[in-house]
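Order-wise, the sequence lines are chains A and B.
Just so it is clear: in the first sequence, position 91 is 90 by numbering that gives the first Met the number 0, and no numbers are missing.
Just so it is clear: in the second sequence, position 60 is 59 by numbering that gives the first Met the number 0, and no numbers are missing.
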Amino acid sequence: MIDFIWLTLFLSGIVTAMFTGHMSHVANAILKGAESGVQLSIGLISAIALWLGLMKIAEQAGAVAWLSARLRPVARFLFPSVPPDHPAMGAILANMSANLLGIGNAATPLGLQAMRELQTLNPDKETASDAMCTLLAVNTASITLIPTTVIAMRMQYHSAHPTAVVGTTLIASAIGTVAAIALDRMYRAIDRRRRGRA
Amino acid sequence: MQQAISAISEWMLPLLVGVILLHGIVKRVPIYSAFVDGAKGGFGTAVRLIPHLIAMVVAVSVFRASGAMDLLVKCLHPVLNWLHIPAEVAPMGILRPISGQGSLAMMIDIFQKHGPDSWLGMLASTMQASSDTTLYILTVYFGSVGISRFRYALKVGLLSDFISVLASVFAVSLFSGMIHF
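Have a look at this one:
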């Protein structure tokens with residue numbers, strides 16, 4: 000998929016340049032693009048390091064544990080098939096908390112741990128369980144309180160209000176997450192009916 | 000409204016830093032060494048980004064320098080206009096569920112061209128922040144436990160990604176005062 004998109008960007012650019020006569024611009028863009036790719040990455044070190052440092056303090060101060068406790072009722076509603084005291088529930092809560100705080104590096108390993116725990120509850124080891132599908136729906140929509148990477152990039156590009164994105168992200172990701180949960184429930188019901196018939 | 004929001008966002012960063020540090024001290028976290036320990040990861044993260052950024056920035060530069068981007072914007076304009084999505088962010092929206100680092104590179108491209116505080120810059124920021132790399136997450140999460148039948152998970156992920164794009168347009172419009180209730 001990514002191969003296809005990457006190729007399309009190049010080929011459509013080169014073919015268009017044949018007609019627009021911008022071939023010299025394209026040749027220049029290839030070299031300049033690689034150069035700015037490196038400069039961008041190096042420039043990001045400062046902002047990313049700053050945020051990772053701050054989030055480490057928050058993490059060690061127990062921000063994840065605090066949020067997990069707050070999220071417990073939500074998780075019970077979202078994952079009715081998981082027993083509340085099962086280790087899977089703990090991993091799911093930690094994963095959701097890390098996502099909310101924008102600690103992506105921590106969210107993924109916690110999510111994978113949740114998947115391992117959910118797999119122990121799964122009767123068919125090759126087919127996704129309902130709870131797994133919900134966990135992925137929540138993760139891909141990723142409701143976010145503090146979008147750390149994007150704030151870091153905005154700082155890097157001299158934004159006057161790097162954190163202005165917090166409000167818009169909260170609204171957009173909340174809508175996205177509600178939609179994901181609703182779609183998950185809807186497709187689960189359709190899936191059940193289809194299986195019932197078969 | 001607009002002034003209030005910009006005042007809040009000016010205060011937000013210093014306040015956030017202050018709250019994190021104070022909360023850390025209260026919880027007896029060795030804040031300085033914790034900060035240094037976490038910040039260490041910044042270098043690795045940025046270095047890991049280099050190949051992705053080179054790949055995507057070169058491709059997007061070619062796409063734009065050739066005039067293909069203008070062409071795409073012109074072609075998609077009627078459809079996207081109806082959905083209130085600016086055509087400039089369309090390639091980023093398509094790439095978002097497939098490659099997080101690729102769409103990050105496109106967001107930076109929009110920052111460079113239009114500025115992070117412009118309408119497009121805010122929209123790109125919100126799109127990047129409010130969604131995740133659906134295909135990557137599905138592959139890694141299901142792959143790690145050997146699940147081969149995803150059922151409806153991909154459909155749900157991609158549909159909600161699309162809704163997230165619309166929601167981002169809505170949220171940024173709301174904040175920029177384009178929608179009045």
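Even for Gly, the Cβ is constructed at its ideal location relative to N, Cα and C.
Fair warning: this is a prediction, and the values are worked out from it, not measured in the lab.
Near residue i, what residues of its chain come up, given a Cβ to Cβ distance below 6 Å and the 5 sequence neighbours on each side ignored?
i: A16(A); result: M22, V25
i: M88(A); result: V81
i: N98(A); result: A106, S141
i: I97(B); result: L134
i: F62(B); result: M68
i: S163(B); result: S129, S130
i: T143(A); result: G101, T168, S172
i: A166(B); result: none
Following the continuous alpha helix (DSSP H) through residue i, name the residue where it begins and the one where it ends.
i: V164(A); result: 164-196
i: H51(B); result: 30-64
i: G89(A); result: 86-99
i: H235(B); result: Summary: the structure shown does not reach residue 235(B), with chain B confined to residues 0 through 180, and so no result is reported for it.
i: G223(B); result: The structure shown does not extend to residue 223(B), since chain B spans only 0 to 180, so no value can be given for it.
i: F78(A); result: Looking at the DSSP string, F78(A) is not in any alpha helix (DSSP H), and its letter there is neither H nor E.
Identify whether residue i lies in helix, strand or coil by the three-state DSSP scheme.
i: F148(B); result: Reading the sequence as shown, one finds Arg at residue 148(B) and not Phe. Three-state result, R148(B): strand.
i: T126(A); result: strand
i: I29(A); result: helix
i: I145(A); result: coil
i: K26(B); result: coil
i: I97(B); result: coil
i: I41(A); result: helix
i: H160(A); result: coil
i: T107(A); result: helix
i: H21(A); result: coil
i: S175(B); result: coil
i: F180(B); result: Low confidence applies to F180(B): its pLDDT is 40, below 50, so where it sits in the model is not reliable, and the reading given next is rough at best. F180(B) falls in the coil class under three-state DSSP.
i: P83(A); result: coil
i: A60(A); result: coil
i: D108(B); result: helix
i: N138(A); result: helix
i: F169(B); result: helix
i: T133(A); result: helix
i: P72(A); result: helix
i: D131(B); result: coil
i: A156(B); result: Here the sequence assigns Gly to residue 156(B), which means Ala is not the residue at that position. Here G156(B) sits in helix by DSSP.
i: P90(B); result: helix
i: G114(B); result: coil
Could you pull out every residue in the same chain whose Cβ sits closer than 7 Å to the Cβ of residue i, ignoring the five residues on either side in sequence?
i: H83(B); result: V168
i: I145(A); result: L100, G101, V165
i: L70(A); result: L92, M95, S96
i: G120(B); result: I109, F110, H113, G114
i: S102(B); result: M91, L94, R95, Q127
i: V149(A); result: V164
i: G12(A); result: V25
i: L153(B); result: L137
Give every residue of the same chain whose Cβ lies closer than 8 Å to the Cβ of residue i, excluding the five residues on either side of it in the sequence, and list them in chain order.
i: F180(B); result: With a pLDDT of 40 at F180(B), under the threshold of 50, the predicted position of this residue should be treated as unreliable, and no value is reported.
i: L109(A); result: A90, A93, N94, A97
i: G37(B); result: none
i: Q100(B); result: L48, H51, L52, M55
i: N138(A); result: N94, N98, A106, G110
Identify the contact partners of residue i in chain E, using a Cβ-Cβ distance below 7 Å as the criterion.
i: L135(A); result: Among the chains of the structure shown, chain E does not appear; the protein chains present are A and B.
Flag this pair as touching only if the segment 45-58 of chain B and the segment 33-48 of chain A have three or more C-beta atom pairs under 8 Å; answer yes or no. Counting Cβ pairs under 8 Å, three or more are found: they touch.
Contacting positions in the segment 37-59 of chain B - beta carbon closer than 9 Å to chain A: Legend: CB atoms of the segment 37-59 of chain B lying less than 9 Å from CB atoms of chain A belong to residues G37, A38, K39, G40, G41, F42, T44, A45, V46, R47, L48, I49, P50, H51, L52, I53, A54, M55, V56, V57, A58, V59.
Touch test, the segment 120-130 of chain A against the segment 143-161 of chain A, Cβ-Cβ under 8 Å, three pairs minimum: Touching, no.
I want to know whether the segment 146-162 of chain B touches the segment 174-190 of chain A - three or more CB-CB distances under 8 Å. Taking a cut-off of 8 Å for Cβ pairs, the segment 146-162 of chain B and the segment 174-190 of chain A touch, as three or more such pairs fall below it.
Cβ-based contacts, 8 Å cut-off: residues of the segment 92-121 of chain B near chain A: Those residues of the segment 92-121 of chain B that come within reach of chain A (Cβ to Cβ, closer than 8 Å) are I93, L94, P96, I97, S98, G101, L103, A104, M106, I107, F110, Q111, G114, P115, D116, G120, M121.
Where the segment 133-159 of chain B meets chain A: residues whose CB sits under 8 Å from a CB there: Listed by position along the chain: T133, L134, I136, L137, V139, Y140, F141, S143, V144, G145, I146, S147, R148, F149, R150, Y151, A152, K154, V155, G156, L158, S159.
Could you name the residues of the segment 107-119 of chain A whose beta carbon sits closer than 9 Å to any beta carbon of chain B, in the order they occur along the chain? From the segment 107-119 of chain A, only T107, G110, L111, A113, M114, R115, L117, Q118 have a Cβ closer than 9 Å to chain B.
Pairing CB atoms from the segment 156-173 of chain A with CB atoms from the segment 112-121 of chain A, are three or more of them under 8 Å? They do not touch, by the three-pair rule.
Can you pull out the residues from the segment 65-77 of chain A whose beta carbon lies closer than 9 Å to at least one beta carbon of chain B? Within the segment 65-77 of chain A, no residue qualifies.
Between the segment 54-62 of chain A and the segment 66-85 of chain B, do at least 3 Cβ pairs fall closer than 8 Å? Put simply, the segment 54-62 of chain A does not touch the segment 66-85 of chain B. Fewer than three CB pairs are less than 8 Å apart.
Would you check if there are 3 or more beta carbon pairs closer than 8 Å linking the segment 36-56 of chain A to the segment 37-45 of chain B? Touching, per the Cβ criterion.
Taking a Cβ distance cut-off of 7 Å, strictly less, list which residues of the segment 86-99 of chain A are near chain B, in chain order. Against chain B - using a Cβ distance shorter than 7 Å - the segment 86-99 of chain A contributes no residues.
Note down, in chain order, all residues in the segment 48-67 of chain A with a beta-carbon under 9 Å from any beta-carbon belonging to chain B. Residues passing the 9 Å Cβ filter: A48, L49, W50, L51, G52, L53, M54, K55, I56, A57, E58, Q59, A60, G61, A62.
If the cut-off is 9 Å on Cβ atoms, which residues from the segment 70-89 of chain B count as contacting chain A, listed in chain order? Those residues of the segment 70-89 of chain B that come within reach of chain A (Cβ to Cβ, closer than 9 Å) are L70, L71.
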